[in-house]
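Numbering (the UniProt record's numbering), first residue to last: 1 to 97. Virtual Cβ for every residue (Gly too), placed ideally from N, Cα, C. In this text, all values refer to a predicted model and were calculated from it rather than measured experimentally. Heads up, the thing below is written out as structure tokens.
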Amino acid sequence: MKSVFITFDQAFFERIMALLDRQGCRGFSYWQQVQGRGSKTGEPHYGSHAWPSMCSAIITVVDDAKVDPLLDALHRIDEETQQLGLRAFVWNIEKTI
1 MKSVFITFDQ
11 AFFERIMALL
21 DRQGCRGFSY
31 WQQVQGRGSK
41 TGEPHYGSHA
51 WPSMCSAIIT
61 VVDDAKVDPL
71 LDALHRIDEE
81 TQQLGLRAFV
91 WNIEKTI
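Below is the structure:
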């Protein structure tokens, strides 16, 4: 199993939720307001008067076979509006309860 941690501009929320449903990623944890900035490009997301946008984050744990289709779909969303910002990171899950 793998965990996929997704950070994204709040404007992507409904698309990300619909994608998780289509991909069969039922379980997840969601953080509504996350601040940050990209490592190379994109606008900062600080929720301030100068940088008013905010990010959100979702972590989901999925079977290995679901990782690549999920990442491919997320990459397509990011390519459409790169300036908004969307990133995904994958970690191995060693054990669960």
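Residue i (DSSP reduced to helix, strand or coil)
| i | result |
| --- | --- |
| HIS75 | helix |
| PHE5 | strand |
Whole-angstrom C-beta distance between residue j and residue i, which should lie under 8 Å
| i | j | result |
| --- | --- | --- |
| GLN10 | LEU70 | Rounded, the Cβ-Cβ distance is 20 Å, inconsistent with contact. |
| ASP63 | MET1 | 6 Å |
Cα-Cα separation between residue i and residue j, rounded to whole angstroms
| i | j | result |
| --- | --- | --- |
| ARG26 | LEU20 | 7 Å |
| HIS75 | GLU43 | 18 Å |
| GLU94 | ALA88 | 19 Å |
| GLN53 | ILE97 | It should be pointed out that residue 53 corresponds to Ser in this sequence rather than to Gln. Their backbone Cα atoms lie some 36 Å apart in a straight line. |
| SER3 | HIS49 | 34 Å |
| ASP68 | GLY47 | 32 Å |
| VAL34 | HIS45 | 8 Å |
Indicate whether the contact test is met: 3 or more Cβ pairs, each with one atom in the stretch 58-74 and one in the stretch 17-35, closer than 8 Å.
-> Touching, yes.
Secondary structure, beta strand (DSSP E): runs of 3+ residues fully inside the stretch 45-75 = Runs found: 55-62.
In chain order, which continuous runs of the alpha helix (DSSP H) of length 4 or greater are located wholly inside the stretch 7-36?
-> Whole alpha helix (DSSP H) segments, 4+ residues: 13-22.
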